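Per the working numbering, the very first residue in the sequence shown carries number 10; after that it's consecutive. Cβ atoms here follow ideal geometry from the backbone N, Cα and C, with glycine treated the same way. Computed from a predicted structure; not experimentally measured.
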Amino acid sequence: MTRLLFAILTMLLASTLARAQSGLTLDRVMEEALSRNLRLLAERLNLNIADARIVQARLRPNPVLSLGANYLDVLGSGFNPATSAAGPSEVNARVDYVFERGRKRQERVAVAEAYKAVSQLELMNSTRMLVLDVQSAFTDLLLAKENAALARASLDAFNLIVAVNKTRVDAGDLARVELVRSEVAQLQFANQVRQAESRVRLARNRLQAIMGRLVFDPSFDVTGELRRDPLPAAKAEVAKLALAARPDLDALRRDQARSQADLRLQLAQGKVDYTLGAGVNRQGVPGLASGNSAGIFFSMPLPVYNRNQGEIERARREQQQIQARIRSLEQEIEAEVENAYERFETAGQLLEKIEIDLLGRARRVQEVTGFSYRRGEATFVELLDAQRTYNETMQAYNEARAEYGRALFLIDAIAGKGYSR
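Laid out in structure tokens, this is it:
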């Protein structure tokens, strides 16, 4: 039984380690970012704030209760019958209620609901930008890992060359200066490995920060391929989709509707409200007769000076401002589409040129020069130059692949497409 439990625990531990070593896919990274990103969590609270505004907007005015008492000879030594002719003491109670006119309550609710609609769209836009940030950071980490792997492969190759050269020096088949040259190159490639690994750690930390992790895990890793699918849609189609589906543009349009509701509210605020009240009053002289009275009261402000002119004008100017912002954002979206397609086409052309013209040639030169150097037919300078040319070509190739993937993600984000697995 103990052996069986030990075997099960061993299998579970091995499975956990295998999952940890395999790294997270873009789907898993995206799920964690959408659920834990602190900036997005803060944006979600705007919906709760909007709900509270709606609750407040629906409330009606409170009635006002007034109580009073009047005692005639309060400064004297007590009640004096001689002063009773001056008037009796009295107590009174009164209730007043404000009747709002101009549909103020309905317009307040309309403004609050419009605020919530804008907040929902702003949350969608923040989600769109977070998705793009995660995709970009994920791509950067994959690129850094590939460049680090390239640097380690070059270091391993020169470690082997140094080992072979030491054997050849010991056998008297190679000058010591050639060994020193190979050792210097080995140190240079070792420095490049350290720099590449540092870039991997920086990219890993940036991705974890975007995911909302408060403590960075040094063993964190991702797995996947740089995006290489063809362009999904034409430029005109993406621009049309962006103008119709972008949440930030839709948020401005909803904000324009909110400003219209705000204008109606400010016009309603210019309407005067009526106050109706009712009260009872009891008067009496101790030891003598007493009586009760009731009254109804009406009051209203006279709109001589303040008719809410300033807020009405502010709401109208705000409408014009939002309309200008909508036109400006539409122009920005069209420019974003144009620039994103230029970026995509440049990355695609560069990637194709490297694959067709440079990559195979640089690899063949590296292999032939390495073989010739081991046979003593090429100099170390030629070998080093071939290796560096190959590394630069591979780094440019990796950068072009990453830029191609980033451009695709950017086009999706500009079009306002949601994240889908």
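Inset, instruction - Give a yes or no on contact between the stretch 59–67 and the stretch 112–130, applying the rule of three or more CB pairs nearer than 8 Å. - result: yes
Legend entry - Pairwise C-alpha distance: Arg67 and Gln30: Because the pLDDT of Gln30 is 46, which lies under 50, any placement of that residue in the model is unreliable, and the number read from its coordinates should be weighed accordingly. Those two C-alpha atoms are separated by around 55 Å.
Inset, instruction - Could you pull out every unbroken beta strand (DSSP E) segment of at least 3 residues lying fully inside the stretch 335–375, listed in chain order? - result: Listed in chain order, nothing qualifies, since the stretch 335–375 has no complete beta strand (DSSP E) run of 3 or more residues.
Inset, instruction - Name the residue from Val140, Gln292 and Ala121 whose alpha carbon lies nearest to the alpha carbon of Phe419. - result: What sits at residue 419 in the sequence shown is Leu, not Phe. Comparing Cα-Cα distances from Leu419 to each of Val140, Gln292 and Ala121, the minimum goes to Val140.
Inset, instruction - Work out the CA separation of Thr284 and Ile321 for me, nearest whole Å. - result: About 24 Å.
Inset, instruction - Note down, in chain order, each residue of its chain lying with its Cβ closer than 6 Å to the Cβ of Leu54, except the 5 sequence neighbours on either side. - result: none
Legend entry - Distance, Leu235 Cα to Gly414 Cα: 6 Å
Inset, instruction - Tell whether a beta-carbon distance below 7 Å holds between Tyr406 and Lys244. - result: no
Inset, instruction - Would you tell me roughly how many angstroms separate the C-alpha atoms of Ser308 and Ala254, rounded to the nearest one? - result: Taking C-alpha positions only, Ser308 is separated from Ala254 by approximately 52 Å.
Inset, instruction - Return the Cβ separation of Ala424 and Leu261 in integer angstroms, given the expectation that the two are a contact with Cβ distance under 8 Å. - result: Going by Cβ atoms, the distance from Ala424 to Leu261 rounds to 17 Å, so no, they are not a contact pair.
Inset, instruction - Quick one: grab the DSSP three-state call for Leu285. - result: Reduced to three states, the DSSP call for Leu285 is strand.
Inset, instruction - Indicate the three-state DSSP secondary structure (helix, strand or coil) for Tyr80 in the structure shown. - result: coil
Legend entry - Coarse secondary structure for Arg267, derived from DSSP in three states: Looking at Arg267 - three-state DSSP - the assignment turns out to be helix.
Inset, instruction - State yes or no: is the C-beta of Leu164 within less than 7 Å of the C-beta of Phe198? - result: yes
Legend entry - Run of the alpha helix (DSSP H) containing Arg316, from where it starts to where it stops: Premise fails: Arg316 is in no alpha helix (DSSP H) and is neither H nor E.
Inset, instruction - Buried or exposed for Tyr314, please, with buried defined as at least 16 other CB atoms from any protein chain shown within 10 angstroms of its CB. - result: exposed
Legend entry - Between the CA atoms of Thr232 and Pro241 - distance to the nearest angstrom: 24 Å
Inset, instruction - With DSSP as the reference, please indicate the residues paired to Leu68 in a beta bridge. - result: Partner(s): none; Leu68 has no beta bridge.
Inset, instruction - Would you please state the rounded distance, in angstroms, between the beta carbons of Ala230 and Gln217? I believe it to be under 8 Å. - result: This sequence places Asp at residue 230; Ala is not what is there. That belief does not hold up - the Cβ atoms of Asp230 and Gln217 are roughly 11 Å apart, past 8 Å.
Legend entry - Residue nearest to Thr402 in terms of C-alpha spacing, selected from Phe389, Ala422 and Lys362: Lys362
Inset, instruction - Identify, in the order they occur along the chain, each residue of the same chain with its Cβ nearer than 7 Å to the Cβ of Ala277, setting aside the five sequence neighbours on each side. - result: The answer, listed in chain order, is Gly111, Arg112, Lys113 and Glu116.
Inset, instruction - Taking all protein chains shown into account, decide if Pro312 is buried (16 or more other Cβ within 10 angstroms of its Cβ) or exposed. - result: exposed
Inset, instruction - Would you check if the distance between the CB atom of Thr34 and the CB atom of Ala411 is smaller than 7 Å? - result: no
Inset, instruction - Measure the C-alpha to C-alpha separation of Ala119 and Asp264 and round it to an integer number of angstroms. - result: Straight-line Cα distance between these residues: approximately 12 Å.
Legend entry - alpha helix (DSSP H) segment containing Asn46, residue limits: Where Asn46 is concerned, there is no enclosing alpha helix (DSSP H), given that its DSSP letter is neither H nor E.
Legend entry - Extent of the continuous beta strand (DSSP E) run through Glu99: Residues Ser98 to Phe108.
Legend entry - Cβ pair Met7, Ala42 closer than 7 Å: Missing from the structure shown is residue 7; the chain here goes from 10 to 430 and no further.
Inset, instruction - Could you name each continuous beta strand (DSSP E) segment of 3 residues or more that falls completely within the stretch 121–197, going from the start of the chain to the end? - result: none
Inset, instruction - Take Leu47 as the anchor and find which of Ala194, Gly77 and Leu223 has the nearest alpha-carbon. - result: The candidate whose alpha carbon is nearest that of Leu47 is Leu223.
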